[in-house]
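Numbering (my numbering), first residue to last: 5 to 499.
Quick reminder that beta carbons are idealized off the backbone N, C-alpha and C, glycines included.
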Ligand SMILES: [Fe+2]
């Protein structure tokens with residue numbers, strides 16, 4: 005029996021739908037530029053069955069992968085639950101058997117030893133393969149055309165970490181993928197394994213590191229010379245897990261940490277820098293400049309996640325769960341363990357941002373992300389009581405000049421993370437399109453937004469309508485048809 009669950013992120017627009025989906029030829033408003041040819045993949049999750057614990061983390065929802073295949077101005081859509089062992093076991097049992105987020109001690113005994121990942125965080129395409137990613141497990145390979153789940157991928161046995169980040173970095177100059185797993189040898193372990201995977205998908209070097217304390221290392225940054233690991237304040241231990249608690253607690257007494265090592269080294273040169281209380285989830289990009297490393301990141305003031313409690317028992321403080329575009333500078337020529345930090349824009353932003361991926365690891369000028377513009381209207385009568393919780397704008401944040409070009413999605417909408425689509429034939433940074441989904445809260449449907457990344461204030465150039473709610477997205481990925489290995493057929497109208 006499926007019980008109705010009205011817990012967080014499971015009501016209204018986010019009410020679970022429990023279906024796989026396909027739309028053969030979507031309704032399009034406007035004209036999609038002819039040079040957009042590829043697939044926009046999204047990964048997110050929903051509670052297929054209600055969680056065992058009502059206060060469980062939304063990060064624990066069942067993974068769902070979806071695709072918008074765009075070609076010749078037309079769009080087909082597919083969506084599928086990721087068939088993880090957990091999903092299949094729950095479906096067979098007809099109920100939720102897994103306990104708190106990343107705490108196997110709270111699972112039903114019947115599922116002991118089964119891979120518990122929900123694979124719900126990010127899509128990745130590398131060496132012609134599509135994956136869904138979650139940082140507590142290996143990647144799950146997905147058929148890029150049908151979205152059927154093929155299974156976990158350990159790179160032919162060469163990838164030894166038990167875990168794999170949701171945010172690998174691909175060097176645009178070489179196609180090399182730099183990736184890592186933390187808690188690499190088991191829950192609460194202080195092992196971090198770093199890998200260099202060539203453009204053909206073959207694991208080359210492995211670097212094994214120890215972290216100063218066990219924490220979420222959700223994202224990292226890579227330059228042409230360095231690898232940068234930021235984390236802060238979230239912590240865990242086997243004792244905590246055995247006590248039946250959710251995986252992470254927030255300890256503001258712990259320093260924020262950023263580890264920097266040479267990309268061509270063996271890790272023995274890693275330097276750990278320390279800073280004040282921060283919540284470090286995502287980065288925009290980084291580059292090396294002589295002895296300096298410059299990191300652009302949307303770090304928060306403090307604990308962003310209300311479901312990961314403060315270990316001192318204090319209540320979650322939403323006024324500190326605010327992120328800004330920050331520039332952090334590390335001078336490796338000098339001793340010491342501090343960094344310079346500057347807030348470049350005082351506009352609070354979503355930390356789900358992107359750069360032009362052709363400039364990952366390189367000096368770059370623009371950051372793209374969504375944010376809530378309080379000067380724009382919100383139609384509460386039609387869209388419901390979401391005031392203060394909608395992300396109504398994309399921004400192009402010019403890190404050189406401080407200029408902000410902004411796109412407004414509409415007075416009944418909220419945006420998910422955008423992805424960048426390069427304009428075909430152009431090599432200039434930021435010359436292309438922003439693509440991403442919006443939740444139309446009034447019409448209860450998902451819309452795909454396509455806007456010119458250099459003319460955001462002019463509004464979108466096309467919208468694609470789905471006749472239903474496509475659900476939550478965490479991260480998206482644009483797979484251009486020009487990339488090697490892009491499938492020639494994608495179902496629907498374009499096959
Ligand atoms: Fe992420």
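Compute the distance between the beta-carbons of residue i and residue j, then report whether it is under 7 Å.
i           : j           : result
residue 148 : residue 137 : no
residue 289 : residue 361 : no
residue 467 : residue 33  : yes
residue 4   : residue 99  : Within the shown structure, residues of the chain are numbered from 5 to 499, placing residue 4 beyond reach of any answer.
residue 372 : residue 422 : yes
residue 326 : residue 302 : no
residue 512 : residue 345 : Outside the displayed span of the chain (5 to 499) sits residue 512, for which this structure offers no information.
residue 182 : residue 226 : yes
residue 213 : residue 253 : no
residue 450 : residue 428 : no
residue 171 : residue 223 : yes
residue 44  : residue 439 : yes
residue 443 : residue 418 : yes
residue 127 : residue 481 : yes
So if DSSP puts residue i in a beta bridge, which residue, or which two residues, is it bridged to?
i           : result
residue 426 : 436
residue 116 : None, per the DSSP bridge assignment.
residue 469 : 31 and 451
residue 305 : Residue 305 is not bridged to any residue.
residue 394 : Beta-bridge pairing links residue 394 to no other residue.
residue 55  : Answer by DSSP bridge pairing: none, since residue 55 is not bridged.
residue 277 : 262
residue 21  : None; residue 21 has no bridge partner.
residue 163 : Paired residue(s): none; residue 163 is not in a bridge.
residue 41  : Its beta-bridge partners do not exist; DSSP assigns none.
residue 345 : 332
Just mark residue i as buried or exposed, buried being the case when its beta carbon has 16 or more other beta carbons within 10 Å.
i           : result
residue 76  : exposed
residue 347 : exposed
residue 70  : buried
residue 492 : Summary for residue 492: the model assigns pLDDT 45, below 50, so the residue's position carries little reliability, and this model does not support an answer.
residue 257 : exposed
residue 487 : exposed
residue 350 : exposed
residue 374 : buried
residue 24  : exposed
residue 167 : buried
residue 177 : exposed
residue 461 : exposed
residue 291 : buried
residue 338 : exposed
residue 333 : exposed
Quick check on this structure: which residue in the options has the alpha carbon closest to the alpha carbon of residue i?
i           : options               : result
residue 115 : 93, 276 and 131       : 93
residue 311 : 155, 16 and 104       : 104
residue 192 : 204, 154 and 246      : 246
residue 141 : 151, 186 and 152      : 186
residue 274 : 304, 232 and 47       : 232
residue 91  : 168, 124, 281 and 73  : 124
residue 230 : 266, 260, 188 and 121 : 266
residue 201 : 221, 433 and 164      : 164
residue 51  : 42, 309 and 61        : 61
residue 426 : 146, 454, 20 and 95   : 454
I want to check one thing, is the minimum distance from the CB of residue i to the heavy atoms of ligand 2 below 6 Å?
i           : result
residue 170 : Of the ligands this structure carries, namely ligand 1, none is ligand 2.
- prompt: Can you list, in chain order, the stretches of the alpha helix (DSSP H) that have 4 or more residues and sit fully within the region 201-246?
  reply: 242-246
- request: Ignoring anything shorter than 3 residues or poking outside the region 282-333, list the beta strand (DSSP E) runs there in chain order.
  value: Along the length of the region 282-333, whole beta strand (DSSP E) runs at least 3 residues long occupy 289-293 and 296-301, reported in chain order.
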